[in-house]
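Peer 1:
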Amino acid sequence: MRVLVTGGAGFIGSHYVRLLAAQGDEAVVLDKLTYAGNRENIADVSHTFHQGDIADPVAVAKAAEGCDAIVNFAAESHVDRSIMGPAEFILTDVLGTQVLLDYARHHNLRYVQVSTDEVYGDIPLEAAPSTEDAPIRASSPYSASKAGGDLQVLAYVRTFGVNASITRGANTYGPQQYPEKLLPLFITNAFDGLELPVYGDGRQRREWLHAEDHCAGIDLVLRKGGAGEIYNVSGQERENMDVIRGILDHTGASPDLLRHVADRPGHDRRYAIDSTKLRSLGWAPRHTLDGGGLADTVAWYRDNRAWWEPIKSGEYRAYYEAQYGNRLGS
Ligand code: NAD
Ligand code: DAU
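Residue numbering for the sequence shown follows our numbering, beginning at 1 and increasing consecutively.
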């Protein structure tokens with residue numbers, strides 16, 4: 001199958017390009033190469049590359065020509081950046097999705113939208129994990145923009161008969177994740193002896209899903225998912241402080257680096273999803289955070305300083321100062 005992988009130079013998209021190549025499928029990547037895109041992530045994998053914006057119909061038409069399917073990973077993906085400036089999130093996550101759907105509609109392509117468990121919002125501690133029919137209760141500008149993309153997909157299925165499905169994945173971890181998200185930020189800071197900024201009390205809960213397991217779920221939905229159907233891709237639920245203690249153990253960093261700082265505005269306490277529906281298609285995760293997933297991820301960052309050191313000395317420094325300067329009093 002020839003698949004257009006939008007956002008294929010980013011974290012999860014690059015793992016998906018790798019999966020397609022290993023299966024003998026053909027990957028065509030369309031990526032704008034924002035701060036989060038890095039061609040090095042797929043330098044050793046067979047693919048065709050187009051630099052461009054998913055919100056640009058001309059760029060989409062050029063890249064998608066001859067493809068059988070579109071899998072849309074392209075997004076502004078970081079909650080904290082969406083709080084600093086939501087506009088870019090609407091342009092890519094909502095308008096970009098609609099432009100891709102238009103192409104799929106007019107060229108009869110299969111379409112998979114890579115969405116997130118964040119659209120279900122805060123799940124009370126005592127509540128059961130959300131199934132796919134739970135209401136959308138987006139909290140951040142990021143999750144609201146992803147929810148907007150999801151609604152466009154469902155509208156295109158119902159109104160125009162597009163053959164599209166949605167996946168809603170949990171917090172994803174693994175090699176090549178840009179060091180703004182919790183795991184790579186804390187791992188790389190720990191290696192450099194820098195402070196580890198824990199938002200609030202650190203007792204928020206997330207489900208942790210390895211990038212390879214996430215991509216296997218998305219690929220299964222591409223091939224076996226139904227039109228208009230949504231599939232949760234779950235992980236292992238952990239309190240942030242448990243994960244952070246694991247990072248200290250595996251990096252050997254001192255707990256003295258921990259700083260409890262001002263919380264993220266609107267911060268969801270818990271995400272929890274039920275992936276029975278995806279499991280019934282045959283999906284089962286192969287990794288767990290404490291069964292080697294965290295240790296292997298820490299080892300990857302230890303062995304690949306050449307990947308993250310240039311990132312942390314570039315545009316990232318201004319972002320870090322704006323995001324953490326006041327919180328850490330630096
Ligand atoms: P990422 O930020 O690492 O990568 C995003 C990629 O999209 C980058 O390569 C970037 O250059 C590209 N991009 C951004 N705007 C673009 C545009 N307008 N046109 C073309 N390319 C553009 O993100 P990620 O963590 O790999 O997430 C991928 C997808 O998975 C996103 O849709 C995200 O919402 C979703 N998701 C992420 C997680 C997670 O924990 N990281 C969990 C669930 C779902
Ligand atoms: O749940 C899926 C989502 O997971 C994806 O849709 C998003 O793209 C992805 O970024 C991720 O969102 P989160 O906001 O949950 O991930 P993040 O790594 O930013 O934060 C994880 C938890 O750690 C969250 O409770 C906030 C906390 N945190 C994060 C950072 C960056 C801290 O305590 N300190 C930090 O510096």
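Heads up, the beta-carbon is just placed ideally off N, CA and C, and yes, glycines get one too.
Taking the alpha-carbon of Gln51 as reference, which of Gly37, Val45, Asp44 has the nearest alpha-carbon?
Peer 2: Ranking Gly37, Val45, Asp44 by Cα distance to Gln51 puts Gly37 first.
Peer 1: Under the rule that 16 or more other beta-carbon atoms within 10 Å means buried, what is Lys32, buried or exposed?
Peer 2: Lys32 comes out buried.
Peer 1: What is the rounded straight-line gap between the Cα of Thr251 and the Cα of His15?
Peer 2: Their Cα atoms are separated by approximately 24 Å.
Peer 1: Which term fits Lys62, buried or exposed, when burial requires 16 or more other beta carbons within 10 angstroms of its beta carbon?
Peer 2: Exposed, since its Cβ has fewer than 16 Cβ neighbours within 10 Å.
Peer 1: My output table needs one value for Thr288: the three-state DSSP class, helix, strand or coil.
Peer 2: Note: Thr288 maps to coil in three-state DSSP.
Peer 1: Which residue wins for smallest C-alpha separation from Arg205, given the options Glu65, Asn163, Ser280, Asp242?
Peer 2: Closest by alpha carbon: Asp242.
Peer 1: Taking the alpha carbon of His47 as the point to measure from, which residue in Val79, Phe73, Val58, Ala9 has its own alpha carbon closest?
Peer 2: Measuring from the Cα of His47, the nearest candidate turns out to be Ala9.
Peer 1: Please state the DSSP three-state secondary structure of Pro184.
Peer 2: Reduced to three states, the DSSP call for Pro184 is helix.
Peer 1: Give me the Cβ distance between Ala64 and Gly7, rounded to the nearest whole Å; I'm assuming they're in contact under 8 Å.
Peer 2: The Cβ separation is near 14 Å, so there is no contact.
Peer 1: Answer yes or no: do Ala72 and Thr34 have a C-beta to C-beta separation smaller than 8 Å?
Peer 2: Looking at the sequence provided, one finds Asn at residue 72 rather than Ala. Result no, Cβ atoms of Asn72 and Thr34 do not sit closer than 8 Å.
Peer 1: Tell me whether the beta-carbon of Tyr199 lies closer than 8 Å to the beta-carbon of His106.
Peer 2: Taking 8 Å as the Cβ cut-off, Tyr199 and His106 do not qualify as a contacting pair.
Peer 1: Taking just the CA atoms, how far does Trp307 sit from Pro197?
Peer 2: Going by the C-alpha atoms only, they are around 22 Å apart.
Peer 1: In three-state terms, what does DSSP make of Leu209?
Peer 2: In the structure shown, Leu209 sits in a strand (DSSP, three-state: E or B).
Peer 1: Where DSSP assigns a beta bridge to Thr172, which residues make up the other side?
Peer 2: Looking at the DSSP assignment, Thr172 forms a beta bridge with Leu209.
Peer 1: Mind checking whether Pro179 and Thr188 have CB atoms under 8 Å apart?
Peer 2: Cβ atoms of Pro179 and Thr188: closer than 8 Å.
Peer 1: Hey, could you find the ends of the alpha helix (DSSP H) Ala64 is sitting in?
Peer 2: 57-64 is the span of the alpha helix (DSSP H), which, as asked, contains Ala64.
Peer 1: Would you identify the three-state DSSP class for Val45, choosing helix, strand or coil?
Peer 2: Of the three classes helix, strand and coil, the one that applies to Val45 here is coil, per DSSP.
Peer 1: Since Asn129 contacts Asp290 with CB under 8 Å, what's their CB separation in whole angstroms?
Peer 2: According to the sequence shown, residue 129 is Pro rather than Asn. Rounded, the Cβ-Cβ distance is 19 Å, inconsistent with contact.
Peer 1: What residue from Asp150, Glu26, Cys67, Arg18 has the CA that sits closest to Asp44's CA?
Peer 2: Considering only alpha carbons, the answer is Arg18.
Peer 1: Using a Cβ distance threshold of 8 Å, determine whether the segment 103-122 contacts the segment 283-300, with at least three qualifying pairs required.
Peer 2: Flag = no, the segment 103-122 and the segment 283-300 do not touch.
Peer 1: Mind reading off the beta-carbon distance from Asp117 to Asn232? Whole number of angstroms is fine, and I expect it under 8 Å.
Peer 2: Contact holds; Cβ gap of about 7 Å.
Peer 1: Between Pro86 and the rest of its own chain, which residues show a CB-CB distance below 6 Å, the 5 nearest in sequence each way excluded?
Peer 2: Excluding residues within five positions, the ones whose Cβ falls inside 6 Å are Pro141.
Peer 1: Rank Gln176, Leu100, Glu88 by C-alpha distance to the C-alpha of Ala69 and give the top, closest one.
Peer 2: Answer by Cα proximity: Leu100.
Peer 1: Taking all protein chains shown into account, do 16 or more other C-beta atoms lie within 10 angstroms of the C-beta of Thr297, making it buried, or fewer, making it exposed?
Peer 2: Buried, because 16 or more other Cβ atoms sit within 10 Å of the Cβ of Thr297.
Peer 1: Please work out which residues of its chain come closer than 7 Å, Cβ to Cβ, to Tyr324, disregarding the five sequence neighbours upstream and downstream, and give them in chain order.
Peer 2: Closer than 7 Å at Cβ, skipping near neighbours: Pro197.
Peer 1: Exposed or buried, Phe332, counting other C-beta atoms within 10 Å across all chains shown (16 or more means buried)?
Peer 2: This structure cannot settle anything about residue 332, because the visible part of the chain is limited to 1 through 330.
Peer 1: My guess is that Ala138 and Gly121 are in contact by the Cβ rule of under 8 Å, so how many angstroms apart are they, rounded?
Peer 2: Contact flag correct, Cβ pair sits at about 6 Å.
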